[in-house]
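**Q**
Numbering (the working numbering), first residue to last: 67 to 367.
1) Just confirm the distance between the C-beta atoms of residue 211 and residue 359, as a whole number of angstroms; I'd bet it's less than 8 Å.
2) For a quick check, are the C-beta atoms of residue 221 and residue 297 less than 8 Å apart?
3) Could you check what DSSP says for residue 148 in three-state terms: helix, strand or coil?
4) Since residue 356 contacts residue 253 with CB under 8 Å, what's their CB separation in whole angstroms?
5) Tell whether a beta-carbon distance below 8 Å holds between residue 270 and residue 338.
6) Under the rule that 16 or more other beta-carbon atoms within 10 Å means buried, what is residue 178, buried or exposed?
7) Please state the DSSP three-state secondary structure of residue 339.
8) Can you grab the Cα-Cα spacing for the pair residue 108 / residue 92, in whole Å?
9) Report the residue from 234, 236, 160 and 259 whose alpha carbon sits nearest the alpha carbon of residue 246.
10) Report the rounded CA-to-CA distance for residue 160 versus residue 135, giving the unit in angstroms.
11) Please return the same chain residues whose Cβ sits closer than 7 Å to the Cβ of residue 106, not counting the five positions on each side in sequence.
12) Since residue 342 and residue 267 are thought to touch, with beta carbons under 8 Å apart, how far apart are those beta carbons, to the nearest angstrom?
13) Judging by CA-CA distance, which residue of 248, 295, 234 and 243 is the nearest neighbour of residue 205?
14) Would the beta-carbon of residue 309 fall within 8 Å of that of residue 290?
15) Identify which residue in 189, 284, 98 and 272 has its Cα closest to the Cα of residue 336.
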């Protein structure tokens, strides 16, 4: 009887000791690591077994099931496959299940990203062009359409097409787009512009013509020009023409530059043509759209 009491008392003391230390080794009689509350270790030097986590069937990343609520730090092994979940380890962040596994990529050069809906990591393939030393690389692109062009009624044949001619607010050159800026970082650069617009003129009852020019201005200085003519046979219901401009500008100085596309009306004949305005990059009426479209690419070495 005394021996039974001794055994009971010894067991109680042992339980109290374990609770006070709050550290346990499972699978071995070894003392657990001082930094661990629970350590799994095989007896002796054997290392043939692992930890088998609970198998559960998750429903969706935001659904806590089979838990009653989301519990931060919970780790499980999911066995189901659906549109948002795959089998594997998942941890709970307190609001949803997050995959704890990193899938294997299928080829070299892939990028590991996180799906924004499921927060599951996945590999994607992106092709990044190789730019060799001494070659131009694309820095900036832009494209837009505007219907703000001018209506020009008067000829200005005296204006010249001199390079670096200065465009002012009183100039006969009229913008067909809102000027925009580009930032130049190196002296070796190339600006490529493609502009398409319409030239529309009221009808007049005799044969005639009206000439015009379109140019690119950089910081209000003329850097390129193209000329054109609108011809009338005398019985046109309306005169119109699609005008395309293409410019390649190189060697801009480092800094910020303002790009402007403008047109000028040159000459016309006879008087009927003189009195008929030109609509450039601007709608003549609801049946005759005339907006100007511009696209550009800026390159540097």
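Think of the CB as a built atom: it goes at the ideal place given N, C-alpha and C, for glycine as much as any other residue.
**A** With the structure as the only source:
1) 5 Å
2) no
3) coil
4) No, residue 356 and residue 253 are not in contact; Cβ-Cβ is about 38 Å, not under 8 Å.
5) yes
6) exposed
7) helix
8) 8 Å
9) 259
10) 9 Å
11) 92, 93 and 117
12) 5 Å
13) 248
14) no
15) 272
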